[in-house]
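Mapping of the sequence shown onto our numbering: position 42 corresponds to residue 58, and the numbering continues sequentially without gaps. Glycine included, every Cβ here is placed at the ideal spot set by N, Cα and C.
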Amino acid sequence: MKYLVIFILLFTTRLHAQETREVTMTAADTARYEVQRFEGRLARLREGLEKNDISPVVGAYTNLLGDIREEIARTETRAPESPRLPSMQFILTKFDEFIFDPTKPDELKPHLERFDEFLGLMKAERGMK
Numbered sequence: 017m018k019y020l021v022i023f024i025l026l027f028t029t030r031l032h033a034q035e036t037r038e039v040t041m042t043a044a045d046t047a048r049y050e051v052q053r054f055e056g057r058l059a060r061l062r063e064g065l066e067k068n069d070i071s072p073v074v075g076a077y078t079n080l081l082g083d084i085r086e087e088i089a090r091t092e093t094r095a096p097e098s099p100r101l102p103s104m105q106f107i108l109t110k111f112d113e114f115i116f117d118p119t120k121p122d123e124l125k126p127h128l129e130r131f132d133e134f135l136g137l138m139k140a141e142r143g144m145k
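In structure tokens form, the structure reads like this:
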């Protein structure tokens, strides 16, 4: 009987260790996924601009702005003293000042470098290259 108790205790300890390891890996995977999602949306935005296809441009632009807002909120919560936070907020302010007109997609092209700059800040904030 006491061997059964020892076995159960060891089993639950190992199970708990596996769950903890999976949670740690999930946090890193989530960061990687969010960066890849941002990169994918930026690629779709560029592709839509090259093809002069408004529908993916509008969708990607809207999603990218949402991603920027989410990343800033996440950074404000987790690392409010981050040296990259003011730069992130500055980029968002510039996008808020810019009024995107879907009938004039060429006006968006000069602003693509801001998305690239934000992507670099996002990667740096998450410890990625």
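If you draw a straight line from the C-alpha of residue 62 to the C-alpha of residue 73, how long is it? In this structure, the straight-line span from the alpha carbon of residue 62 to that of residue 73 is close to 8 Å.
When the Cα atoms are used, what is the spatial distance from residue 125 to residue 45? Cα to Cα, residue 125 sits roughly 31 Å from residue 45.
Between the CA atoms of residue 113 and residue 71 - distance to the nearest angstrom: The alpha-carbon separation between residue 71 and residue 113 amounts to approximately 22 Å.
Would you give the residue range spanned by the alpha helix (DSSP H) that residue 131 belongs to? That run of the alpha helix (DSSP H) goes 128 to 141.
Distance, residue 68 Cα to residue 120 Cα: A straight line joining the alpha-carbon of residue 120 with that of residue 68 spans about 10 Å.
What is the DSSP secondary structure of residue 95, counted as helix, strand or coil? For residue 95, the three-state secondary structure derived from DSSP is coil.
Contact set for residue 47: own chain, Cβ-Cβ below 6 Å, skip 5 residues either direction: Taking residue 47 as the centre and dropping the five residues before and after it, the same chain places the C-beta of 142 closer than 6 Å to its C-beta, in chain order.
At the level of alpha carbons, what is the spacing between residue 140 and residue 64? When rounded, the distance between both Cα atoms is 27 Å.
Measure the C-alpha to C-alpha separation of residue 97 and residue 86 and round it to an integer number of angstroms. Going by the C-alpha atoms only, they are around 17 Å apart.
Residue 115 to residue 95, Cα distance in whole Å? Residue 115 and residue 95: Cα-Cα distance of roughly 30 Å.
Determine the direct distance from the alpha carbon of residue 123 to that of residue 137, and round the result to whole angstroms. Cα to Cα, residue 137 sits roughly 24 Å from residue 123.
For residue 52 and residue 60, I'd like the C-alpha separation in whole angstroms. Their Cα atoms are separated by approximately 12 Å.
With 16 other Cβ atoms within 10 Å as the buried cut-off, status of residue 106: Exposed, since its Cβ has fewer than 16 Cβ neighbours within 10 Å.
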